[in-house]
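Under this note's numbering, the first residue of the sequence shown is numbered 25, with each subsequent residue one higher.
For reference, the structure discussed in these notes is given below.
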Amino acid sequence: INVNVTDISDESGYIAALGKEAAAKAAAAWVRDEMTVGLGTGSTAYYFIQEAGAMVRAGIRLRAVVTSEATGKLAASFHIPVIPPEEAQTVDLAVDGVDAVDTDFCAVKGGGGALLREKIVAWKAKQVIWIMDESKRVKNLAGFPLPVEVLPFAASWAADAVKELGGNAVCRQRDGKSFFTDNGNRILDVVFPKDRDPRLAAEAVRQIPGVLETGFFDRMCSRILIGTTGGVRELVNPNKEKAPLQGRTVPGWKNGCV
Ligand code: 5RP
């Protein structure tokens, strides 16, 4: 992954890049020897992966589960051992960026198209840290474009279904070509009017057959680190309800695939 050059092309972009890097460095404080870490995707996650690479060079034993092929390549370039999910009993800590986060610890992710694996890793992880610069913090997510991963077979019908729900869906293109995720799926970029509750709208979209996951991350983080011009601000998610959902093991149930 290359850090997006637009990040450093003007003063506000430069400040954003500094904020991302500061938040990523702060997240390293939660990394411990022998942890399995979930590595996110994007320009903010890049700084954390770089940091984790430096820790590995310093002798800290880490294993990583990655949320995209690009992150996998990047982690390998920093000599971070990458393991597939079936070899990870658990994920101790996942660190990832966001596109936007509201005051209720809900986020929209998927700008980079990696939302499905990002959500799976966030769900499995015991702790999730979202790292960001100040520009990602919004009052609420109403009207914010929601990336949705959909099976290619269902993409146009799912887009029609979104319209019936009162939204608008555009099948993502990149460089003038159809965009496909690492899982071989399409991304619909969905917008609902600002008066629609973003959580309920995402839940309605998720019910459409062929939709695999949405980029609405409902309070899935343990803490948020925001790199600001005045230092790194930490917000701790007080919501306890989600804790039992994270990486739980069910007694008497044999985990793993055969
Ligand atoms: C990728 C993501 C990214 O975390 C999100 O798009 C933020 O990216 P960046 O750190 O480059 O701003 O969800 O699917």
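For each residue, glycine too, the CB sits at the ideal point set by N, CA and C.
Quantities reported herein were computed from a predicted structural model and do not represent experimental measurements.
Annotation for Ala48: the continuous alpha helix (DSSP H) segment containing it runs 35 to 51.
Excluding the 5 residues flanking it on each side, Gln151 has same chain C-beta neighbours closer than 6 angstroms at Leu117, Ser246, in chain order. Proximity of the beta carbon of Ala69 to the ligand 5RP is indicated: a heavy atom of the ligand is located closer than 7 angstroms.
Of the candidates Pro171, Gly208, Ala149, Glu258, the residue whose Cα lies closest to the Cα of Leu139 is Pro171.
Ranking Gly96, Ala53, Lys49 by CA distance to the CA of Gly62 puts Gly96 first. Boundaries of the alpha helix (DSSP H) harbouring Ala100: 93 to 101, taken from the DSSP string.
By the neighbour-count criterion, in which 16 or more other beta carbons inside 10 Å mark a residue as buried, Thr91 falls on the buried side. Taking a cut-off of 8 angstroms on C-beta distances, the segment 223 to 231 does not touch the segment 194 to 210, as fewer than three cross pairs fall below it. Taking the Cα of Ala82 as reference, the smallest distance to any Cα among Lys148, Gln231, Val55, Ser67 is reached at Val55. The C-alpha of Ala52 lies about 10 angstroms from the C-alpha of Tyr71.
Counting along the chain, Arg247 sits inside the beta strand (DSSP E) bounded by residues 247 to 252. In its chain, beyond the 5 residues on either side, Arg87 have a beta carbon closer than 6 angstroms to the beta carbon of Pro105. Between Asp120 and Gly64 the beta-carbon gap is near 3 angstroms, inside 8 angstroms, which marks them as a contact. Pairing Val132 with Ala124 gives a Cβ-Cβ distance under 8 angstroms. In the structure shown, Ile211 adopts extended strand secondary structure according to DSSP, grouped into three states. Under the DSSP assignment, Gln151 falls in the beta strand (DSSP E) whose first and last residues are 149 to 157. Taking a contact as a CB-CB distance under 8 angstroms, the pair Val256 and Ala50 counts as one, their CB atoms being some 4 angstroms apart.
Under the 8 angstroms Cβ criterion, the segment 145 to 159 does not count as touching the segment 181 to 199, having fewer than three qualifying pairs.
Here the distance from the Cβ of Val174 to the nearest heavy atom of the ligand 5RP is not below 7 angstroms.
Straight-line spacing of the CA atoms in Phe216 and Thr238 works out to 14 angstroms. Relative to the non-hydrogen atoms of the ligand 5RP, the Cβ of Val90 never comes closer than 7 angstroms to any of them. According to the DSSP assignment, Pro222 belongs to no beta strand (DSSP E) but to the alpha helix (DSSP H) extending over 222 to 230. Excluding the 5 residues flanking it on each side, Asp219 has same chain C-beta neighbours closer than 8 angstroms at Ala166, in chain order. Out of Ala112, Glu111, Ile73, Glu110, the CA that lies nearest to the CA of His103 is found in Ile73. Counted as a single uninterrupted DSSP element, the beta strand (DSSP E) harbouring Val194 occupies residues 192 to 195. Gly134 has its Cβ nearer than 7 angstroms to a heavy atom of the ligand 5RP.
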